[in-house]
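Accompanying notes for the structure given below.
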Amino acid sequence: MAEVRKTFDHDLLELKKHLLKMGERVDKAVERSIKALIENDIALAEKVISRDKKINDMEDITDDKVIQLITQQQPVAKDLRKVITALKMNASLERMGDLARNIASAAVRIDKKPSDATAVKIAEMASVVQSMVRGIMQAYLEENGELAKEVAAIDDKLDSLYKNYLNYLFSAVDVNSKSVEEATQYAFIGRHLERIGDHVTNIAELLVYLEEAKKFDLNN
28 MAEVRKTFDH DLLELKKHLL KMGERVDKAV ERSIKALIEN DIALAEKVIS RDKKINDMED
88 ITDDKVIQLI TQQQPVAKDL RKVITALKMN ASLERMGDLA RNIASAAVRI DKKPSDATAV
148 KIAEMASVVQ SMVRGIMQAY LEENGELAKE VAAIDDKLDS LYKNYLNYLF SAVDVNSKSV
208 EEATQYAFIG RHLERIGDHV TNIAELLVYL EEAKKFDLNN
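Remember, the numbering used here sits 27 above the position in the sequence shown when you count from 1.
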């Protein structure tokens with residue numbers, strides 16, 4: 028029995044390490060996609076796009092690890108919550124990677140540096156997003172539900188920045204010019220950042236559930 032437990036703990040730790048690496052890749056993808064956009068670095072944007080496949084591959088590996096753990100170990104109680112949390116985190120991290128890729132794709136379509144004012148607002152949102160991503164992965168590492176709640180609370184700031192950003196984008200748009208199309212592209216970039224924040228909040232809810240065995244809605 029002790030050997031079975033030892034094997035399970037080892038496999039669970041390997042699963043956790045894998046997800047932490049996945050979180051690092053997502054964080055880097057967000058950072059690089061914003062850098063590519065602001066600096067009009069198309070080569071960097073294309074790297075973000077191509078490297079998203081690695082995050083997708085990591086999602087598949089996580090799924091396989093979870094299935095193996097459940098079928099071979101049949102975990103219960105908190106052990107089962109850890110496995111289910113990993114499975115659901117996996118899906119959110121993969122989607123966050125997709126959203127970073129979408130930002131990089133928008134950078135390719137726009138193919139020019141944003142105005143200084145636009146760049147500042149995007150960078151401000153991105154900074155908040157990255158602090159949330161890093162914070163939630165730290166909360167997962169520590170299995171710290173209180174830290175997860177603190178990270179989720181930052182989403183209110185991101186939502187406020189996003190609303191102000193949209194108002195800024197469309198306040199001076201000439202509806203009869205190409206600026207509408209460009210503003211729409213930039214609006215989608217803001218939306219992608221805002222959605223990454225939502226996924227972080229979803230992960231926070233999972234971590235609180237993991238620790239407290241209670242479901243909390245941290246999106247309100």
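Where a beta carbon is used, it is the ideal one built from N, C-alpha and C, also for glycine.
Would you tell me roughly how many angstroms separate the C-alpha atoms of residue i and residue j, rounded to the nearest one?
i: Glu238; j: Lys115; result: 15 Å
i: Asn171; j: Leu234; result: 7 Å
i: Phe135; j: His45; result: Checking the sequence, you will find Val at residue 135 rather than Phe. Taking the straight line from one Cα to the other gives about 30 Å.
i: Asn246; j: Val227; result: 10 Å
i: Asp68; j: Glu169; result: 36 Å
i: Ser198; j: Asn129; result: 24 Å
i: Ile137; j: Ala153; result: 18 Å
i: Tyr236; j: Thr145; result: 38 Å
i: Lys139; j: Leu193; result: 20 Å
i: Asp87; j: Thr34; result: 22 Å
i: Ala113; j: Lys176; result: 18 Å
i: Ala127; j: Glu30; result: 42 Å
i: Glu66; j: Met49; result: 26 Å
i: Asp244; j: Gln95; result: 30 Å
i: Leu159; j: Ala104; result: The amino acid at residue 159 is misidentified as Leu; the sequence shows Met. Rounded to the nearest angstrom, the two C-alpha atoms are 28 Å apart.
i: Glu151; j: Ser142; result: 14 Å
i: Ile111; j: Asn117; result: 10 Å
By the three-class DSSP mapping on this structure, what secondary structure does residue i have?
i: Lys242; result: coil
i: Leu200; result: In the sequence as presented, Leu is not what sits at residue 200; that position holds Val. Looking at Val200 - three-state DSSP - the assignment turns out to be coil, as it is neither helix nor strand.
i: Asn83; result: helix
i: Lys62; result: helix
i: Ser142; result: coil
i: Asn229; result: helix
i: Asp106; result: helix
i: Ile181; result: coil
i: Glu173; result: helix
i: Gln165; result: helix
i: Asn67; result: coil
i: Gln101; result: coil
Thinking C-alpha only, which one of the options is nearest residue i?
i: Val147; options: Leu107, Leu126 and Lys62; result: Lys62
i: Lys43; options: Met85, Leu71, Ala72 and Lys74; result: Met85
i: Lys55; options: Val227, Arg161 and Gly224; result: Arg161
i: Ala240; options: Lys109, Ala72, Phe215 and Gly50; result: Lys109
i: Asn191; options: Gln157, Ile149 and Leu120; result: Ile149
i: Gln157; options: Asp106, Arg59, Glu121 and Asp244; result: Arg59
i: Arg32; options: Phe243, Asp106 and Glu177; result: Asp106
i: Glu51; options: Ile163, Ala180 and Ala179; result: Ile163
i: Gly224; options: Val178, Ile65 and Gln95; result: Val178
i: Glu208; options: Asn117, Ile111 and Ala133; result: Ala133
What does a CB cutoff of less than 6 Å around residue i pick up in its chain, not counting 5 residues either side in sequence?
i: Tyr189; result: Gly217 and Glu221
i: Gly124; result: Val53, Ala56, Asp79 and Ile82
i: Leu196; result: Ala210, Tyr213 and Ala214
i: Ser119; result: His226, Asn229 and Ile230
i: Lys242; result: Tyr236
i: Leu174; result: Ala166
Using a threshold of 8 Å, is the CB atom of residue i nearer than that to any non-hydrogen atom of the ligand ZN?
i: Ser142; result: By its list of ligands, the structure shown contains no ligand whatsoever, and the ligand ZN lies outside what it can speak to.
Output needed for residue i: all residues of its chain with C-beta closer than 7 Å, excluding positions within five of it in sequence on either side, in chain order.
i: Leu71; result: Arg59, Lys62 and Ala63
i: Ser206; result: Val200
i: Glu121; result: Ile82, Asn83 and Glu86
i: Val155; result: Ile181, Lys184, Leu185 and Leu188
i: Ala131; result: Ser60, Ala63, Ala72, Val75 and Ile76
i: His219; result: Leu126, Asn129 and Ile130
Which same chain residues end up closer than 8 Å to residue i when comparing Cβ atoms and leaving out the 5 residues on each side of it in sequence?
i: Leu47; result: Met164, Tyr167 and Leu168
Legend entry - Stretch-stretch touch, CB-based, cutoff 8 Å, three pairs: the region 35–51 with the region 91–99: yes
Legend entry - Given 8 Å, three or more beta-carbon pairs between the region 74–93 and the region 174–187: no
Inset, instruction - State whether the region 220–232 contacts the region 65–76, with contact taken as three or more CB pairs (one from each stretch) at a distance under 8 Å. - result: no
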